[in-house]
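Okay, here's the thing in structure tokens:
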């Protein structure tokens with residue numbers, strides 16, 4: 030089955046309803062109100078963005094957001110940034126264990142928040158590039174972009190749980 | 081008072097309260113309020129919807145003027161749009177306009193679902209007070225969560241299993257030692273004797289050096305030597321008895337712990353195994369308990385003795401010369417400080433070592449059973465490389481730990497030696513100058529006691545190392561022991577034979593709250609009906625069965641059997657009534673006989689043979705040289721897929737269940753075997769409510785009705801003829817399969 034790959038200027042992408050996108054392919058085909066989803070939400074934020082219609086059927090795949098025309102790029106970036114909420118933790122204010130839960134109070138790029146982690150073994154995933162991915166008890170996601178760049182106090186609070 | 085008796089998930093902030101009081105007419109009452117935790121632009125912050133009988137008021141800084149007010153009657157559609165890590169309540173108004181009411185994280189999405197349903201139902205003419213009951217139910221469900229630990233309670237208002245039993249790690253592990261307390265006290269008494277005997281020799285040395293040898297008292301010399309021999313004899317013989325008993329205590333305690341972990345692992349819900357690999361659980365049952373056992377033996381055999389020895393020595397040393405005693409205590413704070421310094425550094429390393437080791441074990445348990453696949457893809461080198469990489473990661477951490485673990489005791493020993501040198505220096509000069517009544521014998525005896533005193537100090541300093549390692553293991557073990565087991569109500573109903581009426585009412589389910597796996601399932605199956613379940617891969621067929629089997633309990637809505645909610649039925653008595661034949665039947669490393677009798681261990685030989693006969697398995701079993709005594713390898717190695725499937729049907733026959741579930745039972749076998757299995761199934765299902773998931777629609781020819789599932793929803797439900805007439809999804813599937821059959825036949 031042929032898949033439509035979007036790259037460079039072979040398509041024009043504009044904002045549709047809410048977080049949805051309208052796509053006009055160079056060949057003339059037009060799709061309205063597609064939802065942009067990352068195919069690699071952890072390992073490749075800007076690459077391989079699938080565009081789904083309201084029934085979840087894939088209409089096209091963007092190879093790399095950065096290679097799109099500027100307007101299209103902005104439209105896609107806005108859409109995925111709205112869809113994906115993965116606050117980036119910039120400072121750890123508290124980190125302790127109570128009643129079998131790991132309790133964290135953090136500063137993020139989205140503001141301050143307090144959450145519980147059920148299992149520090151399966152819900153805290155350090156990656157080789159220094160990133161740490163966290164999942165709280167309600168399935169919300171967080172990311173420490175680079176554990177090595179956190180301030181000393183935050184690292185100290187978090188290190189024994191890593 | 082617009083907020084009188086208002087249902088709310090969190091206390092309403094003063095700012096919103098004031099705004100609402102200005103906006104909402106005094107006559108209206110807020111039925112429920114939902115506090116969100118994000119603003120509409122996705123930043124953390126408070127937001128709220130306040131809902132009255134006819135209106136909804138949304139408060140968010142990004143609504144014009146900070147608030148939005150609209151009549152519920154204008155709402156055409158209300159839904160919770162789940163995104164990644166966040167969601168919004170999205171409304172479609174009669175005018176066609178679409179808008180987001182509030183935004184929130186998944187923490188409040190269950191309440192938002194109830195709110196959205198309230199809007200749609202009330203807009204559709206529903207009575208607000210009646211619809212509020214459903215919302216109240218959702219809020220009540222949220223209150224089923226322990227306010228302390230956030231885990232779900234077994235039932236409303238009950239004590240949290242997790243919190244009430246949570247105490248200090250030591251207290252929990254202590255409960256495992258308590259049954260041995262009598263032996264433990266006996267051993268402590270024995271250790272008092274051994275400690276006392278260990279303290280005799282230095283004092284005897286003082287007597288020998290200061291009195292007996294200078295006075296040339298041969299008789300006294302012999303007496304002291306005999307006394308010393310006796311002291312050593314008692315010390316070692318009593319020590320051996322004590323060691324034997326303490327080892328038994330350690331072993332029994334760990335055996336109990338291991339049994340508990342294994343038993344707990346059996347009752348953990350499937351959602352636990354979705355997140356934790358079986359390799360990691362195996363490592364906890366074997367590796368962690370061994371680690372803990374080593375620590376327990378170390379503590380129970382040595383720590384008690386060392387403690388008494390330390391106290392005894394201090395008492396004797398103070399009695400002999402208090403000034404020198406104070407000198408010898410100087411290194412103690414340094415040793416303690418060093419122990420604390422290293423302890424903090426080594427603990428995270430041990431945790432990392434454990435994680436790395438769990439990864440290595442996971443590879444072992446995941447790849448070795450799949451060795452056929454590895455060979456078929458000739459990916460041996462890739463498997464070896466992956467194992468080597470993970471092993472290298474473990475090695476890296478272990479080397480780090482080894483560095484710290486070795487620097488630590490040597491640093492301690494160095495400070496301890498400095499303490500001895502201090503006694504030599506000060507005590508020696510006092511002995512030379514005959515100051516404070518110090519004699520050579522007393523100095524030698526004192527040094528001997530001092531060296532013995534550092535033994536326990538050194539021991540306790542080193543104990544930190546194994547304590548940290550054991551602590552990590554204990555935490556891993558308690559992670560399983562404390563995990564929430566499958567919920568079974570205390571007053572659950574034990575059911576006898578079931579008629580087999582199955583009902584799903586408004587069932588919604590999501591594995592991880594990001595995507596609904598089942599949406600609004602409403603079906604009724606009458607007793608004795610044979611229901612075929614069809615749908616594409618990932619449509620939710622197996623999830624439907626998983627919920628009926630109570631592998632997952634965290635769904636919305638109700639599932640009942642014979643008009644009893646399945647959550648009210650005793651789990652064991654419920655599952656006993658269901659025969660479940662899976663696509664890939666699990667066989668154990670045991671004989672064919674025992675594998676069939678697994679479902680009913682009390683079954684007689686003839687009952688097992690009959691079951692095998694019904695399942696069309698007897699004929700092939702009889703032909704195998706060892707017949708029913710044939711020992712199967714791991715996972716049933718030695719039998720073909722079709723043969724294993726027939727054994728699993730025989731198991732189901734022997735169980736004599738009230739209801740039957742076949743999950744693609746004939747998917748992995750050839751046509752001839754399929755015929756044999758189909759024949760066996762037809763014999764088995766007569767008179768029993770049966771659910772059959774099937775890809776090959778031809779296997780559903782006996783089905784009374786067909787349930788078509790697509791994207792988690794039931795889209796068609798009726799007899800074959802009805803669905804064919806409908807010309808919907810089922811018709812399409814039949815057409816596709818007929819087409820492929822035609823192609824097969826023409827080839």
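Chains as they are written, first to last, in our numbering: chain A, 30 to 191; chain B, 81 to 827. Beta carbons are placed, not taken as given, at the ideal position from N, Cα and C, and that holds for glycine.
Using a 10 angstroms sphere on the CB of residue 299 of chain B, the tally of other CB atoms stays under 16, which defines it as exposed. If only uninterrupted beta strand (DSSP E) runs of at least 3 residues are considered, none is enclosed by the segment 348-373 of chain B.
Of the candidates B:124, B:466, B:214, B:154, B:124 places its Cα closest to the Cα of residue 182 of chain B. Straight-line spacing of the CA atoms in residue 703 of chain B and residue 792 of chain B works out to 45 Å.
Counting of Cβ neighbours within 10 angstroms places residue 366 of chain B among the exposed residues, the total staying below 16. Look at residue 138 of chain B here: in three-state DSSP terms it is strand. Neighbours of residue 183 of chain A in chain B, taken as residues at a C-beta separation under 8 Å, are lacking, since the least C-beta distance is about 15 Å. In the three-state scheme derived from DSSP, where H, G and I count as helix and E and B as strand, residue 488 of chain B is classed as helix. With respect to residue 617 of chain B, residue 598 of chain B sits apart: the two C-beta atoms are not nearer than 8 Å. The beta carbon of residue 412 of chain B sits closer than 8 Å to those of 537, all from its chain and outside the five residues before and after it, given in chain order.
Under the three-pair Cβ rule at 8 Å, the segment 769-787 of chain B counts as touching the segment 604-621 of chain B. Excluding residues up to 5 positions away in sequence, 45, 49, 50, 51, 52, 80, 81, 82, 88, 89 lie with their Cβ nearer than 8 Å to the Cβ of residue 63 of chain A in the same chain. Annotation for residue 101 of chain B: the continuous alpha helix (DSSP H) segment containing it runs 94-103. Within the DSSP bridge table, the entry for residue 652 of chain B names no partner.
The C-alpha of residue 724 of chain B is placed about 14 Å away from the C-alpha of residue 744 of chain B. Below 8 Å, enough C-beta pairs join the segment 730-744 of chain B and the segment 561-581 of chain B to call them touching: three or more. Taking 4 residues as the minimum length, the alpha helix (DSSP H) runs contained wholly in the segment 450-500 of chain B are 451-456, in order along the chain.
Between residue 166 of chain A and residue 181 of chain A, the C-beta gap is not smaller than 8 Å, which leaves the two residues out of contact. Closest option to residue 771 of chain B, judged by alpha-carbon separation, among B:786, B:480, B:529, B:205: B:786.
In the structure shown, residue 659 of chain B adopts extended strand secondary structure according to DSSP, grouped into three states.
In the structure shown, the three-state DSSP call for residue 115 of chain A is coil. The DSSP-derived three-state label of residue 98 of chain A is coil. Annotated three-state conformation of residue 708 of chain B is helix, per DSSP. Excluding sequence positions up to five before and after residue 803 of chain B, its CB lies within less than 6 Å of the CB of 786, 796, 810, all in the same chain and listed in chain order.
With its beta carbon at least 8 Å from every one in chain A, residue 536 of chain B lies outside the interface. With respect to the 8 Å criterion, residue 673 of chain B and residue 709 of chain B are classified as neighbours on the basis of their beta carbons. With a threshold of 8 Å between beta carbons, residue 428 of chain B makes contact with chain A. Residue burial annotation: residue 498 of chain B is exposed, with fewer than 16 other C-beta atoms found within 10 angstroms of its C-beta. Contact with chain A is absent for residue 693 of chain B, since none of that chain's Cβ atoms lies less than 8 Å from the residue's Cβ. Residues 746 of the same chain have their beta carbon placed closer than 7 Å to that of residue 754 of chain B, with the five preceding and five following residues left out of the count.
CA-CA distance, residue 203 of chain B to residue 151 of chain B, rounds to 9 Å.
For residue 115 of chain A, the nearest CB of chain B lies under 8 Å from its own CB, placing it at the interface with that chain. Taken in chain order, the complete beta strand (DSSP E) segments of 3 or more residues contained in the segment 765-809 of chain B are 769-773, 785-790, 793-798. Flagged as an interface residue toward chain A: residue 187 of chain B, by a C-beta distance shorter than 8 Å.
With a beta-carbon spacing of about 7 Å, residue 729 of chain B and residue 761 of chain B fall inside the 8 Å limit used to define contacts.
Counting along the chain, the unbroken beta strand (DSSP E) around residue 742 of chain B starts and ends at 739-743.
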